[in-house]
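Residue numbers (this note's numbering), protein chains in the order written: chain L, 2 to 114; chain C, 851 to 963.
Idealized CB from N, CA, C, for every residue including glycine.
Taking it in order: structure first as structure tokens, then the write-up.
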């Protein structure tokens, strides 16, 4: 399977703490994307990082990419209860002419007030 | 913009029944996809379409049919429902730009008894 793998599967923290989740993938990518899914809802795109980028920021989100290790991390700073959701990485592999994304199994983040 | 809409939200079928899950988008996106989401499995691609009249199989196509007669609509048909098709189904669309960011519908929760 070409799926990425998120780690950990579940993460539980207090409000105000930082949350870090990781994604590992298998072959060379064009870009890697992170999505959030609130319970019972569809996925929402958060941030995209291209293979030639090492770090990107968007508000309280920071994504890093290490292509030599084939891994990415998503950091959410100063977490809020509203950040409680599942987070998925999705990879666009190099040479994918139709833009097919491969989704991992997700990290379930719970932020306690 | 309504984005990506799916109907119904919930459906219960008996084994052997057929039904169509509806998906529509109003963003003039060429690419549309159907995924299923099962606990611990992440999202798996069922079928996708790169434009009106053009469809292809994903990684779990068996038991499902699709067609794409217009840019806006991409229905998913279950010809003879089986309990293994109990899942949450998501439709997604994206533009043909180089980012490949996907927009997801709210999902249809299907139970086959």
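Kindly indicate which residue of the options has the alpha-carbon position closest to the one of residue i.
| i | options | result |
| --- | --- | --- |
| residue 931 of chain C | C:854, C:853, C:943 and C:864 | C:864 |
| residue 69 of chain L | L:101, L:111, L:55 and L:105 | L:55 |
| residue 110 of chain L | L:15, L:66 and L:5 | L:15 |
| residue 36 of chain L | L:102, L:82 and L:12 | L:102 |
| residue 851 of chain C | C:888, C:922 and C:962 | C:922 |
| residue 933 of chain C | C:942, C:961, C:918 and C:917 | C:961 |
| residue 47 of chain L | L:86, L:114 and L:82 | L:86 |
| residue 113 of chain L | L:49, L:82 and L:71 | L:82 |
| residue 940 of chain C | C:947, C:929, C:926 and C:955 | C:955 |
| residue 936 of chain C | C:914, C:924 and C:920 | C:914 |
| residue 65 of chain L | L:106, L:90, L:44 and L:45 | L:90 |
| residue 901 of chain C | C:892, C:912, C:895 and C:919 | C:919 |
| residue 898 of chain C | C:938, C:892 and C:886 | C:886 |
| residue 96 of chain L | L:52, L:61 and L:40 | L:52 |
| residue 104 of chain L | C:946, C:912 and C:891 | C:891 |
| residue 895 of chain C | C:880, C:879 and C:916 | C:916 |
| residue 906 of chain C | C:893, C:889 and C:924 | C:924 |
| residue 44 of chain L | C:963, C:853, C:867 and C:912 | C:853 |
| residue 34 of chain L | C:926, C:951 and C:877 | C:951 |
| residue 949 of chain C | L:58, L:49 and L:27 | L:49 |
| residue 942 of chain C | C:903, C:879 and C:912 | C:879 |
| residue 855 of chain C | C:866, C:861, C:893 and C:877 | C:877 |
Using 10 angstroms around the beta-carbon of residue i, count the other beta-carbons present and answer buried if the total reaches 16, otherwise exposed.
| i | result |
| --- | --- |
| residue 84 of chain L | buried |
| residue 871 of chain C | buried |
| residue 100 of chain L | buried |
| residue 884 of chain C | buried |
| residue 909 of chain C | exposed |
| residue 928 of chain C | buried |
| residue 107 of chain L | buried |
| residue 38 of chain L | buried |
| residue 957 of chain C | buried |
Over what stretch of residues does the beta strand (DSSP E) that includes residue i continue unbroken?
| i | result |
| --- | --- |
| residue 86 of chain L | 86 to 94 |
| residue 927 of chain C | 926 to 928 |
| residue 99 of chain L | Careful: residue 99 of chain L lies outside any beta strand (DSSP E) and carries neither H nor E. |
| residue 905 of chain C | 904 to 907 |
| residue 900 of chain C | 892 to 901 |
| residue 15 of chain L | 11 to 15 |
| residue 959 of chain C | 958 to 962 |
| residue 64 of chain L | 62 to 67 |
| residue 874 of chain C | 869 to 875 |
| residue 8 of chain L | 6 to 8 |
| residue 26 of chain L | That residue, residue 26 of chain L, is in no beta strand (DSSP E); it is neither H nor E in DSSP. |
| residue 46 of chain L | 44 to 51 |
| residue 112 of chain L | 108 to 113 |
| residue 931 of chain C | Residue 931 of chain C -> no beta strand (DSSP E), and no H or E assigned at all. |
| residue 944 of chain C | 937 to 944 |
Kindly give me the distance between the Cβ atoms of residue i and residue j, rounded to whole angstroms, as I take these residues to be in contact under 8 Å.
| i | j | result |
| --- | --- | --- |
| residue 965 of chain C | residue 869 of chain C | The structure shown does not extend to residue 965 of chain C, since chain C is modelled only from 851 through 963, so no value can be given for it. |
| residue 944 of chain C | residue 953 of chain C | 7 Å |
| residue 31 of chain L | residue 94 of chain L | 7 Å |
| residue 25 of chain L | residue 5 of chain L | 6 Å |
Open item on the list: Can you confirm whether the segment 60 to 78 of chain L touches the segment 19 to 29 of chain L when touching is taken to mean that 3 or more C-beta pairs between the two stretches lie within less than 8 Å?
Closed with: Yes, they touch.
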